[in-house]
Structure formats: structure tokens, C-alpha cells
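Quick note on the working numbering: the sequence shown kicks off at 855 and runs consecutively.
Glycine included, every Cβ here is placed at the ideal spot set by N, Cα and C.
Please read the structure below before turning to the comments.
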Amino acid sequence: MIKILLLAIGVWLIYILLKNYRRSVDKDEEATPPSPIEEDMVRCAQCGVHLPKSESILSCGESYCSDEHRRQHQD
Ligand SMILES: [Zn+2]
Numbered sequence: 855m856i857k858i859l860l861l862a863i864g865v866w867l868i869y870i871l872l873k874n875y876r877r878s879v880d881k882d883e884e885a886t887p888p889s890p891i892e893e894d895m896v897r898c899a900q901c902g903v904h905l906p907k908s909e910s911i912l913s914c915g916e917s918y919c920s921d922e923h924r925r926q927h928q929d
């Protein structure tokens, strides 16, 4: 009787280990989804064109696509 009990526990342990292993493998696959490169987009206060923040000109809390539009907007 004890032998059967030990066997049952052994099978149960293997089952749990396999389940946890599978879950960790699934997790690894989910951890690396294809993510697009995203950058903050800003809008030119003069012409309304959208451009990446790194390429915009910031002045007085407004973003501009070019120095020319910055001057036009502030005149
Ligand atoms: Zn502009």
C-alpha cells in the first residue's frame, strides 16, 4: 500500500514539475513580443505637421518643425 502511495506521489511530482516547466517556457516566449520603436510625436504649432520630438524645435512650450515656423508663429 505504501509503495502505491509513493508511486502516486512520484507521478504527481513529475506532473507538477512538467507543468511548471511548460509554464516557464511559455513565459519566456511571451516576454519577447515584437515591439515597434516608438518615439514621442509632437505637432508643429505653425503648420500642424507631426514629427518626432527629437527632431522638433521647442520654444516657449510649443513645438515647431523648423526654425522658420518658430519665427513665423511668434511674430
Ligand atoms: Zn511647421
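| Asked | Found |
| --- | --- |
| Around the C-beta of Arg-924, are 16 or more other C-beta atoms found within 10 angstroms, so that it is buried, or is it exposed? | buried |
| Identify every residue that forms a DSSP beta bridge with Ile-858. | Note: Ile-858 sits in no beta bridge, so no partner. |
| In the DSSP output, what is Ser-913 paired with across the bridge? | Glu-916 |
| Would the C-beta of Val-903 count as close to ligand 1, meaning under 7 Å from any of its heavy atoms? | yes |
| Once the 5 residues before and after Ile-921 are set aside, which same chain residues still bring their CB inside 7 Å of it? | Note on identity: in this sequence residue 921 is Asp, with Ile being the wrong assignment. Answer for Asp-921: Ile-911, listed in chain order. |
| Does DSSP put Val-896 in a helix, a strand or coil? | strand |
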